[in-house]
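Protein chains: 2
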Amino acid sequence: MIDITLLGTGGGMPMPNRFLSSMTINYQGEKLLIDCGEGTQVAMRMVKTGFKAISTICITHVHGDHIFGLPGLLSTIGNSNRTEPITIIGPKGIWKVLEGLLVSLPYLPYEINILEAPTYLKSDNLEIRTTELDHSAPCLGYSFYFKRAPKFMPEKAEANNIPKLFWNKLQKGEVIEHKGRILTPDMVLGQDRRGIKICIITDTRPVDTIPEFISDSDLFICEGTYGSNEDIEKAIKNKHMTFQEASELAKKGHVKELLLTHFSPAIEDPELCLQNATNIFGNTVIGYDGLTKTISYSE
Amino acid sequence: MIDITLLGTGGGMPMPNRFLSSMTINYQGEKLLIDCGEGTQVAMRMVKTGFKAISTICITHVHGDHIFGLPGLLSTIGNSNRTEPITIIGPKGIWKVLEGLLVSLPYLPYEINILEAPTYLKSDNLEIRTTELDHSAPCLGYSFYFKRAPKFMPEKAEANNIPKLFWNKLQKGEVIEHKGRILTPDMVLGQDRRGIKICIITDTRPVDTIPEFISDSDLFICEGTYGSNEDIEKAIKNKHMTFQEASELAKKGHVKELLLTHFSPAIEDPELCLQNATNIFGNTVIGYDGLTKTISYSE
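Those protein sequences? They're chains A and B, same order as listed.
Going left to right, the first sequence walks through residues 1250 to 1548 as our numbering numbers them.
Going left to right, the second sequence walks through residues 1250 to 1548 as our numbering numbers them.
Spelled out as structure tokens, the structure:
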């Protein structure tokens, strides 16, 4: 089970009624933060989510509305005497920009590891993939795949004559030698089960590679800078998307749900443009600051 | 007449209920901004004050709660296609920190002039003085003296036999030669008149030089990080002041009014501690986000 919280849903400039687009993903007690515009730490306080569990910050691109909250957030985290390192992932050029922003934070009590433009990262529970987008600065789309452990099957363990003593260790992935026999996890576990896939695409024009990248996502969070189809020329000029373009990607990618965010300050009520997306992809939700979505395993 | 607006009154960290301590001073269509923590541009939108008229930004010190709003504000100003330069004044070290913060803003359409640790600046209408404070980083206190033009006195002009043709030019400060006679502004003007003095002292311990620096201010804006007298040890340790210490400075400096700001996030309602200041200096006001004070010439 994964919780996604939209901290803000605005693009371009921070506004009194809308924080800048960023979000947290909570899984197994850890927290990913995606983007960190000015005010993100305040938005986190508004939804009462702590700073302590943040392990990784994924930055889509180094435009101010996605990074200018970083110095303040890292400083506030430092004031809580954290010592565990934080990993910051971002596009080409992020190292130089972070180095500049951190001149004013010479004494953080924890390390910052910077991963510049990685394409694939893997840990026990999570796979992160990135894809290059088409914006006015180098920009990464992110795919997060939260793995699910296979089901423990006692009937299979019994059929394989596994002593009960080893069931728990095998379930946890250990390999055991017992009386000259090699016992492996697959002897007690069922088939691989589908995990949860969440994709985040912002800021960009539609790119041909996106549908394959986001394919079969449980949740596809996508920028919808412009609500009206008539704003297509602005979208092209400023390298953003309309609601319609985002929904076309969702349809092509066969995602389960589309969640729109990163609204232009000119859009007062994005709900009024929802139909421009649902005409093409029915299961579309308009994001709002503080919205939390819980995604459960599908099987 | 001068308008001072407190954009925020918090210290340390930006909070959902209180912006970080910063303020604007409006005079003759120009705007000074003093300090710029994270969220300052949002606070400016809240009080509906524009960005366009900002000519000078005075930074007290380079701690995050006083500067992390700068990249966003400068970027937003840039988006409005401003071309007039902005002057940023700050303490020793500000140049290096700004250089770092501005790595992420490579293409601003206007120039930024940085004045590092000046002690005295003078223009036609304004004198700015700074004084070194005692904080955990190099920190400047500011004194702003808004000059007032002498009164035009037609009876004096007539007594001095000045043709009416030249009255206006002389009033504006021009010197004129007419029929072998040198006509000077003092021939039509009254005595010098007192202007308006506004002083800002944050963040610091009390320093012996402050009372002289702030003497006879019309408005003395001072940090009051801690409301309770019992927090004196925290104030000493963190190089801040209690309400009582701020009011003692106000009394020694014979200022007209004390305005407290820069409250610790731990203070929920600073009004509850007002008496700790008024016991010593009666004309004390507790600042709040959005408070505007209008100071008129005294004579």
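Even for Gly, the Cβ is constructed at its ideal location relative to N, Cα and C.
Just tell me which of the options has its CA closest to the CA of residue i.
i, options, result
"A:GLY1539", "A:THR1298, A:ILE1445 and A:VAL1456", "A:THR1298"
"A:TRP1416", "A:GLU1497, A:SER1464, A:PRO1403 and A:GLY1260", "A:PRO1403"
"B:THR1332", "B:LEU1438, B:MET1262 and B:SER1324", "B:SER1324"
"A:PHE1268", "B:PRO1265, B:ASP1441 and B:LEU1269", "B:PRO1265"
"B:MET1262", "A:THR1380, A:GLN1290 and A:ASP1452", "A:GLN1290"
"A:TYR1391", "A:ARG1378, A:PRO1340 and A:ASN1525", "A:ARG1378"
"B:PRO1514", "B:LYS1371, B:GLY1476, B:ARG1294 and B:ILE1253", "B:GLY1476"
"A:ARG1454", "A:THR1474, A:ALA1366 and A:GLN1440", "A:THR1474"
"B:ASN1330", "B:ASP1314, B:LYS1396 and B:TYR1359", "B:TYR1359"
"A:ILE1516", "A:ILE1253, A:MET1250 and A:GLY1260", "A:GLY1260"
"A:ILE1445", "A:LEU1508, A:PHE1395 and A:LYS1500", "A:PHE1395"
"A:ARG1443", "A:PRO1334, A:LYS1400, A:GLY1339 and A:LEU1389", "A:LYS1400"
"B:TYR1369", "B:PRO1340, B:GLU1479 and B:VAL1456", "B:PRO1340"
"B:SER1545", "B:ASP1467, B:HIS1315, B:LEU1419 and B:LEU1282", "B:ASP1467"
"A:THR1305", "A:PHE1512, A:GLU1497, A:LEU1351 and A:LEU1364", "A:LEU1364"
"A:LEU1375", "A:LEU1414, A:ILE1447 and A:ILE1361", "A:ILE1447"
Using DSSP bridges, identify the partner residues of residue i.
i, result
"A:HIS1427", "A:ARG1430"
"B:ARG1611", "This structure cannot speak to residue 1611 of chain B, because chain B is shown only from 1250 to 1548."
"B:PHE1401", "B:LEU1438"
"A:GLU1517", "Beta-bridge pairing links A:GLU1517 to no other residue."
"A:ASN1362", "A:THR1336"
"A:ARG1267", "A:MET1264"
"A:GLY1259", "A:LEU1269 and A:PHE1512"
"B:ILE1544", "B:ILE1251"
"A:LYS1446", "A:TYR1394"
"B:TYR1475", "B:THR1491"
Locate the beta strand (DSSP E) running through residue i, then write down its first and last residues.
i, result
"A:ASN1275", "1271-1276"
"B:PHE1469", "1468-1472"
"A:LEU1507", "1507-1510"
"A:LYS1280", "1279-1283"
"B:THR1289", "Counting along the chain, B:THR1289 falls outside any beta strand (DSSP E), though it belongs to the alpha helix (DSSP H) covering 1289-1295."
"B:SER1244", "Missing from the structure shown is residue 1244 of chain B; chain B here goes from 1250 to 1548 and no further."
Quick check on residue i - is its C-beta less than 8 Å from some C-beta in chain A?
i, result
"B:LYS1486", "no"
"B:PRO1320", "yes"
"B:ILE1516", "no"
"B:PHE1317", "yes"
"B:LEU1255", "no"
"B:LYS1301", "no"
"B:LYS1345", "yes"
"B:SER1304", "no"
"B:GLN1440", "no"
"B:SER1271", "no"
"B:SER1353", "yes"
"B:GLN1290", "yes"
Check for me: the alpha helix (DSSP H) holding residue i runs from which residue to which?
i, result
"A:VAL1247", "Given that chain A is displayed from residue 1250 to residue 1548, the structure contains no residue 1247 of chain A and the question cannot be resolved."
"A:THR1527", "1523-1527"
"B:ASP1348", "Sequence inspection shows Glu at residue 1348 of chain B; the Asp mentioned does not correspond to that position. Its alpha helix (DSSP H) spans residues 1343-1350."
"A:LYS1500", "1492-1501"
"B:ILE1459", "1459-1462"
"A:THR1325", "1319-1328"
"A:ALA1484", "1481-1487"
"A:LYS1205", "Given a span of 1250 to 1548 for chain A in the structure shown, any question on residue 1205 of chain A remains unanswerable."
"B:ILE1316", "1313-1316"
Against chain B, does residue i count as a neighbour if the rule is that its beta carbon must be under 8 Å from one of theirs?
i, result
"A:ARG1294", "yes"
"A:ILE1287", "Residue identity check: residue 1287 of chain A is Glu in the sequence provided, not Ile. Chain B, which has a Cβ nearer than 8 Å to the Cβ of A:GLU1287, makes this yes."
"A:MET1262", "yes"
"A:LEU1350", "yes"
"A:SER1324", "yes"
"A:ALA1265", "Residue identity check: residue 1265 of chain A is Pro in the sequence provided, not Ala. Yes, A:PRO1265 counts as interfacial toward chain B."
"A:ILE1313", "For the record, residue 1313 of chain A in the displayed sequence is Gly; it is not Ile. Closer than 8 Å: yes."
Just the C-alpha distance for residue i and residue j, rounded to the nearest angstrom, thanks.
i, j, result
"B:GLY1286", "B:PHE1317", "5 Å"
"B:GLY1349", "A:TYR1356", "16 Å"
"B:ILE1308", "B:HIS1384", "14 Å"
"B:VAL1296", "B:ALA1302", "15 Å"
"A:MET1436", "A:GLU1407", "9 Å"
"A:THR1541", "B:LYS1345", "40 Å"
"A:GLY1439", "A:ALA1398", "9 Å"
"A:PRO1256", "A:MET1293", "The residue you asked about is not Pro; residue 1256 of chain A is Leu in the sequence shown. Approximately 6 Å between the Cα atoms of the pair."
"A:THR1458", "B:THR1258", "48 Å"
"B:GLU1520", "B:GLY1288", "24 Å"
"B:THR1510", "B:HIS1312", "16 Å"
"B:LEU1347", "B:LEU1389", "16 Å"
"A:LYS1486", "A:ASP1480", "10 Å"
"A:THR1433", "A:SER1372", "21 Å"
With a threshold of 7 Å (Cβ to nearest heavy atom), would residue i be considered close to the ligand ADP?
i, result
"B:PHE1393", "As for the ligand ADP, it is missing from this structure, which has no ligand bound."
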